[in-house]
Amino acid sequence: MKPPEDCTYITSNIIVMGFPGIPKTRKLEGHVNNREAIAYYLETRHSKHYRLFNLTEEEYDDLLFNSSVSHYNFTGYSAPSLGLLFHILLDMETYLAEDPANTAVVHDFTGAGRAMLITAAFIRWEGWLSSTHEALTMCLTRRNLPSEAMLPSQLRFLDYFESIMNGEFPPPIALKLSRITLSSLPAIEGGACCPVIEVYNQQKIVWRSYRKGSRTRGTVSPVKTNETIVFKPDVPLLGNVFVRCRHLRENETLTTLFRFQFGIGFVKLFKLDLEGNECDLSMEMPSDFHVVLDFLPMDV
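In full-length UniProt numbering, the protein residues as written are 1 to 300.
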């Protein structure tokens, strides 16, 4: 029986695909999976021996899939925290080990970034290939995806995972984010940009540079392309960190410029220096764009 168009066998017991059906929370471009067709194929080809691993924020009725769905909410992040990543890998490993006939069906919205990250990490975790990079290359090739399907933050977390697999464990330390410096922002309105920074830690927002109506953070100054702007969050961070930069438009709506995700334990020499190709961009940035994060020890 031929699998549906979007179902790709990465290995004999791992399938990757996009969202099974039409999501309620996101508009998909191009091919959209038919939920009933996916369910019919899985029930026919892998009856009672499959489980879906849902890597999206949207849960769905799993009755069609024999109530065999594990939901993992990334809460809008490009990559899971390392703790969640290992939890997913252990869940997949346990399920596949229960019966040689079992098949894991991994999906996000498009069967690309998140699904490729988890599948590549699992292949490396099981020792089927000797490096995460090799595993990712295989996954992308079999899924017929370009390397650009992966966001920089997803590649960063795969590098973290590879380091851990090689015995290099990040120290469980907290650092104080003392400064964020942005250089060479795009000219969006009136030849300038009005940047707003948001910092999330452990899935909660811990600092934002703009608060409407606030005495100290109620305004945003325009920044020209050749200028540099510095923010001073002075907030403690531990583990998984997500930073988003948005432009405050004249009508007071916010447009995302870029975002990125990183792990505090992997920060070297109290500094994280990222170029445009190391951020998850939502629009084109100048070639000399930089974002630099400076940290201090917690006892300073």
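Glycine residues also receive a C-beta, built at the ideal position from the N, C-alpha and C atoms.
DSSP state of residue i, grouped into three classes?
i                 : result
glutamine 202     : coil
aspartate 91      : helix
phenylalanine 258 : strand
serine 183        : strand
isoleucine 229    : strand
tryptophan 125    : helix
arginine 244      : strand
methionine 17     : strand
proline 236       : strand
histidine 71      : strand
phenylalanine 295 : strand
asparagine 54     : strand
glycine 190       : coil
tyrosine 210      : coil
Relative to the C-alpha of residue i, which candidate in the options has its C-alpha closest?
i                : options                        : result
methionine 17    : Thr11, Glu57, Asn102, Asp108   : Asp108
proline 236      : Leu296, Val267, Gln261, His290 : Leu296
alanine 115      : Asn66, Thr8, Leu42, Ser287     : Thr8
serine 282       : Thr253, Arg244, Pro3, Leu175   : Arg244
aspartate 6      : Arg142, Ser12, Val69           : Arg142
methionine 298   : Asp234, Thr255, Arg259, Asn277 : Asp234
arginine 179     : Tyr95, Asp294, Ala121, Pro172  : Asp294
arginine 208     : Pro222, Asn54, Phe242          : Phe242
glutamate 189    : Ile205, Lys24, Val223          : Val223
aspartate 280    : Gln261, His133, Phe289         : Gln261
valine 230       : Phe266, Ser184, Thr255         : Ser184
valine 220       : Phe53, Asn240, Gly239, Cys193  : Cys193
leucine 63       : Asn73, Tyr72, Arg51, Leu55     : Arg51
leucine 85       : Asp61, Thr119, Gly265, His133  : Thr119
proline 172      : Ala187, Ile264, Ile88          : Ile264
leucine 55       : Ile88, Leu175, Gly21, Asn277   : Ile88
threonine 103    : Glu134, Phe65, Met138          : Phe65
phenylalanine 53 : His31, Val267, Phe122          : Phe122
lysine 24        : Gly276, Ile38, Ala37, Tyr60    : Tyr60
Please work out which residues of its chain come closer than 7 Å, Cβ to Cβ, to residue i, disregarding the five sequence neighbours upstream and downstream, and give them in chain order.
i             : result
threonine 75  : Glu57, Gln203
alanine 149   : Ala112, Gly113, Met116, Leu140
asparagine 73 : Glu57
tyrosine 95   : Arg51, Asn102, Ala104
So, at 6 Å on beta carbons, what are the nonlocal neighbours of residue i in its own chain, with the 5 sequence-adjacent residues on each side left out?
i              : result
valine 292     : Thr181, Asp273
asparagine 166 : none
lysine 232     : Arg179
arginine 259   : Arg244, Asp280
Quick one: using the 10 Å Cβ neighbour count with 16 as the cut-off for buried, is residue i buried or exposed?
i                 : result
tryptophan 128    : exposed
arginine 26       : exposed
histidine 247     : buried
tyrosine 105      : The amino acid at residue 105 is misidentified as tyrosine; the sequence shows valine. Buried, since its Cβ has 16 or more Cβ neighbours within 10 Å.
residue 323       : As displayed, the chain neither begins before 1 nor continues past 300, which places residue 323 out of reach and without an answer.
arginine 211      : exposed
phenylalanine 169 : exposed
asparagine 13     : buried
proline 146       : exposed
isoleucine 22     : exposed
serine 67         : exposed
asparagine 201    : buried
Taking 7 Å as the line, does the beta carbon of residue i fall inside it for any heavy atom of the ligand FAD?
i           : result
leucine 140 : Among the ligands in the structure shown, none appear at all, so the ligand FAD cannot be discussed.
Short of 8 Å in beta carbon distance, which residues of its chain neighbour residue i, apart from the five on each side in sequence? Order them along the chain.
i             : result
serine 131    : Arg124, Glu162
tyrosine 41   : Met1, Pro3, Pro4, Cys7
threonine 110 : Gly18, Phe19, Leu28
threonine 11  : Ile123, Trp128
Exercise for review: Would you check if the segment 194-209 and the segment 144-162 touch, i.e. whether three or more CB-CB distances between them fall below 8 Å?
Suggested key: no
Practice item. Pair every Cβ in the segment 78-89 with every Cβ in the segment 147-157, then say whether three or more of these pairs are closer than 8 Å. Key: yes
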